[in-house]
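Novice: Take this structure first; my questions come after.
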Amino acid sequence: MQSLGHFGKFGGIFVSELLMPALEELEAGYLKYRQDPNFKKELKKLLTDYAGRPTPLYFAQNLSKQLGAKIYLKREDLLHGGAHKTNNTLGQGLLAKMMGKKELLAETGAGQHGFATAMIGALLGLKVKIFMGSKDVERQHVNVLRMQMCGAEVIPINFGSQTLKDALNEALRYWVANSQNTAYVLGTVAGPHPYPSMVRDFQKIIGIEAKRQLKKSKNQLPTHVVACVGGGSNAMGIFWPFIPLKKIKLIGVEPAGEGLNTEKHGATLTKGSPGCLHGSLSYVLQDKDGQIKEAHSISAGLDYPGVGPEHAFLKESNRADYVSVTDKEALEAMQNLAKIEGIIPALESAHALAYLPKLIKNLGPKTKKEACILVNISGRGDKDMEYVSRFLTFENPTI
Ligand SMILES: *Cc1c(COP(=O)(O)O)cnc(C)c1O
5 MQSLGHFGKF GGIFVSELLM PALEELEAGY LKYRQDPNFK KELKKLLTDY
55 AGRPTPLYFA QNLSKQLGAK IYLKREDLLH GGAHKTNNTL GQGLLAKMMG
105 KKELLAETGA GQHGFATAMI GALLGLKVKI FMGSKDVERQ HVNVLRMQMC
155 GAEVIPINFG SQTLKDALNE ALRYWVANSQ NTAYVLGTVA GPHPYPSMVR
205 DFQKIIGIEA KRQLKKSKNQ LPTHVVACVG GGSNAMGIFW PFIPLKKIKL
255 IGVEPAGEGL NTEKHGATLT KGSPGCLHGS LSYVLQDKDG QIKEAHSISA
305 GLDYPGVGPE HAFLKESNRA DYVSVTDKEA LEAMQNLAKI EGIIPALESA
355 HALAYLPKLI KNLGPKTKKE ACILVNISGR GDKDMEYVSR FLTFENPTI
């Protein structure tokens, strides 16, 4: 962990004094337990036996043929819970338990992080409270049921925008008052220190495994690593072991926020600028007066106006490139992978796939032949079926 959670000029802690004691306790707990053999052993066991690690690395033969370069998919969609989020909630949940906490607290927008937290609370015998805007409670009814099924209490927030922003503020207020017994489980590599470093540490297993798997089967390193970026946790996880290897290109793909829904923008790193959001300095979508703009993406999981500070650092130091694709391109990529590989990726993950044709088209003939592109399939698309069905046309519709 970098000292005080700074990544170049980004990161840090920009929060009310009231939150400092809870953050300091969390940092101390994390620094202690991440070295603790018991914690490491227990986490490894649960990641293996409960969550199903290692996830496969699959050589996508049909997609590779279609696009004209070798493509490997890291299958986080096969992780228990259906996405990479389980790596993080398992880590933070176990840490909370070892620190003597009795309750997990989280806010959720689309409900995926709420469900991943509820799952782990049930597993570890911790109470779970999920704060959720009442509009989201309505929109994400199935996810609310899944959380309740695991015994979590879902608390609808009925004021303000009735979405993630107010749920987050309310959850923080609750944490300030109850931090003695309650751990706040943050869903991505954003927020104040220690969250960006801690969440990245729980997600870096994705990249470590992929590197080992590729080495073992092909005795090779990837030439490109591609992942979608919402808050940035699945991308940080798969990038991590490759950051020191400067020849390997790291590419984060954001939603352009154009296409099916116009006027709003979702590409924080490609269109945003440095600013403060949710407790740290990073890139944010803001207008010229510093007001945070609303993000938009067809995939709720990428619909966040900020991004983790380590990505801001990787961008400014030119270590990683950030690009964007439209809603329409993501939908097409989702459908394409389903059709030629029989894998339905999450809409979020489809953003990473949607960039591949452009990436490969711009490679010279020799580079193309040598290319070995590693793509993170951060989650499975079952959750998106109902929503995307209104945009799709099928070859063989039901009669
Ligand atoms: C939540 C989610 C994301 C976005 O979060 P990151 O922190 O950017 O990884 C991406 N893919 C899936 C499947 C998700 O559930």
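Per our numbering, residue 5 is the first one in the sequence shown, and the count goes up by one each step. Cβ coordinates follow ideal geometry from the N, Cα and C atoms, glycine included. Model, not experiment: these values are computed from the prediction.
#1: To which residues of the same chain is L351 closer than 7 Å at the C-beta, ignoring the five residues directly before and after it?
#2: How about Q144: is its Cβ closer than 7 Å to a heavy atom in ligand 1?
#3: Would E31 and H197 be called neighbours here (beta carbons separated by less than 8 Å)?
#4: So, with DSSP's three-state summary, where would you put V146?
#5: If you follow the beta strand (DSSP E) that D325 is in, where does it begin and where does it stop?
#6: Leaving out five residues before and five after S237 in sequence, what residues of the same chain have Cβ atoms less than 6 Å from its Cβ?
#7: When you compare the CB positions of L378 and H228, do they come within less than 8 Å of one another, or not?
#8: In chain order, what residues of the same chain lie with their CB nearer than 8 Å to the CB of F18, ignoring the 5 residues before and after it?
#9: Compare the Cα-Cα distances from A156 to each of D205, H117 and L168 and report the closest residue.
#10: Which residues neighbour ligand 1 when neighbourhood means a C-beta less than 7 Å away from any of its non-hydrogen atoms? List them by chain order.
#11: Please list the terminal residues of the continuous beta strand (DSSP E) segment that includes R38.
#12: Which whole runs of the alpha helix (DSSP H) in the segment 147 to 209 are 4 residues long or more, in chain order?
#13: Which residues does DSSP pair with L108 in a beta bridge?
#14: Buried or exposed: which applies to M240, given that a residue is buried once 16 or more other Cβ atoms fall within 10 Å of its Cβ?
#15: For P278, which of P313, I247 and K251 has the nearest alpha-carbon?
#16: Of the residues W244, A231 and A187, which one's Cα is nearest the Cα of K215?
#17: For F395, does the three-state DSSP call read helix, strand or coil?
#18: Determine whether the beta carbon atoms of I210 and N380 lie at a separation below 8 Å.
Specialist: Taking the structure as given:
#1: I302, S303, A334, M338, G385, D388 and V392.
#2: Checking the 7 Å criterion, the Cβ of Q144 is out of range of every heavy atom belonging to ligand 1.
#3: Their beta carbons are under 8 Å apart, which means E31 touches H197 by this criterion.
#4: DSSP places V146 within a helical segment (H, G or I) once states are collapsed to three.
#5: Residues A324 to V329.
#6: The residues are T192, V193, V203 and Q207.
#7: Yes, the pair counts as a contact, with Cβ atoms nearer than the cut-off.
#8: Cβ within range, chain order: P196, C280, G283, S284 and L285.
#9: If we check each option's Cα against that of A156, H117 comes out closest.
#10: After applying the 7 Å Cβ criterion, the set is A87, H88, K89, Q116, H117, G191, T192, V193, C232, V233, G234, G235, G236, S237, N238, A239, G305, L306, A350, E352, S353, S382 and G383.
#11: Careful: R38 lies outside any beta strand (DSSP E) and carries neither H nor E.
#12: Qualifying alpha helix (DSSP H) stretches, in chain order: 168 to 182 and 199 to 207.
#13: BP columns for L108 point to V132 and A187.
#14: Per the 10 Å Cβ criterion, buried.
#15: With distances taken between Cα atoms, P278 lies closest to P313.
#16: Among W244, A231 and A187, the Cα nearest to that of K215 belongs to W244.
#17: Assignment of F395 by DSSP, reduced to helix, strand and coil, places it in the coil class.
#18: Going by C-beta atoms, I210 is nearer than 8 Å to N380.
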